Amino acid sequence: MMLNNMRYFLASLLVSGSIAAAALAQQPTQGLASEANSPEVTTASYGDWVLRCARLPLAGTDEAAPGEACEVIVSMFVQGQAEPVAQLAIGYKLEEAAGLVATAVLPSNIGIPGSVQVVSNASVDGDGAGVIALQWTRCMGGRCFATTPLTEEEIAGLRPDDRNAEGAVRFETAAGQVVSIPVPWKGFESALAALKATKT
13 MMLNNMRYFL ASLLVSGSIA AAALAQQPTQ GLASEANSPE VTTASYGDWV
63 LRCARLPLAG TDEAAPGEAC EVIVSMFVQG QAEPVAQLAI GYKLEEAAGL
113 VATAVLPSNI GIPGSVQVVS NASVDGDGAG VIALQWTRCM GGRCFATTPL
163 TEEEIAGLRP DDRNAEGAVR FETAAGQVVS IPVPWKGFES ALAALKATKT
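FYI, the numbering for the sequence shown is 13 to 212, going by my numbering.
Below is the structure:
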């Protein structure tokens, strides 16, 4: 079911900029492999990151939108679990000529209003360079979504000085605890370059 959620997360993130409730009512897919083999979705792996491009329908129609919606996405796993506990995506909106958006997909036990941060180096506390604040948008399907537009300066800040550094997505739970989920950066720069190449 998580793969189905993420398929329509891609559509809603890149086409409408919000999570469409109707999308999650669709039937589950047969898995990522079948998506990748379909003419509508293509993928390419760069280390821990995956570039996904899809030719998506226009909102409320069966007509394909012009061009493709593309994003780079990384999945974070807990040992012993087959499905990701969280995902981080950076992608373009189809209706916008420029500008990237970051979206974090997290478990539903979040604190409201709470805070969500993506940090380039998990060993660094507080705000500043390499720390991006996201805003909660909504929860559905057992997942909650936080998003923010990205500046070029913020994107550059996601490249840690220490190439071996691990990033993190941090958020507050409903119990007030701060949870830090590790984000691997292996392959991120190559994936981001490939993403930007889709707009040229």
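Each residue gets a CB set at the ideal place from its N, CA and C atoms; glycine is no exception.
Please read all numbers here as calculations on a predicted model, not as lab measurements.
Cβ distance (whole Å) where residue i is taken to contact residue j below 8 angstroms
i: ALA180; j: VAL195; result: 6 angstroms
i: GLN147; j: THR163; result: Not confirmed; about 15 angstroms, so no contact.
i: GLY103; j: VAL113; result: 6 angstroms
CA-to-CA distance, residue j to residue i, given in whole angstroms
i: ALA203; j: THR54; result: 14 angstroms
i: ARG64; j: ILE85; result: 8 angstroms
i: LEU100; j: ARG182; result: 12 angstroms
i: GLY154; j: GLU201; result: 30 angstroms
i: PHE89; j: LYS211; result: 30 angstroms
i: SER192; j: VAL130; result: 10 angstroms
i: GLY92; j: ALA98; result: 15 angstroms
i: SER57; j: ALA206; result: 10 angstroms
i: LYS105; j: ARG150; result: 18 angstroms
i: TRP61; j: GLU83; result: 10 angstroms
i: GLN240; j: ALA145; result: Limits of the chain in this structure are 13 at one end and 212 at the other, which puts residue 240 out of reach.
i: ASN133; j: GLU52; result: 35 angstroms
i: GLU80; j: ARG67; result: 5 angstroms
i: PRO119; j: LYS198; result: 24 angstroms
i: GLY169; j: GLY142; result: 4 angstroms
i: GLY111; j: GLU165; result: 12 angstroms
i: LYS208; j: ILE167; result: 12 angstroms
i: MET152; j: GLY59; result: 29 angstroms
i: GLU95; j: PRO161; result: 27 angstroms
i: THR115; j: VAL136; result: 21 angstroms
i: CYS11; j: SER87; result: The chain is shown only over 13 to 212; residue 11 falls outside these bounds and no answer can be derived.
i: ASN121; j: ARG171; result: 29 angstroms
Beta-bridge partners of residue i, as assigned by DSSP
i: GLY179; result: VAL195
i: THR54; result: CYS65
i: GLU80; result: Answer is none; GLU80 lacks a bridge partner.
i: SER87; result: GLN99
i: GLU254; result: Missing from the structure shown is residue 254; the chain here goes from 13 to 212 and no further.
Which residue spans inside the region 90-170 form an unbroken beta strand (DSSP E) run of at least 3? The qualifying runs are 98-104, 112-119, 128-131, 143-152, 155-162.
Whether or not the region 115-126 and the region 183-190 are in contact is what I'm after, with contact meaning three or more pairs of Cβ atoms, one per stretch, closer than 8 angstroms; do they touch? yes
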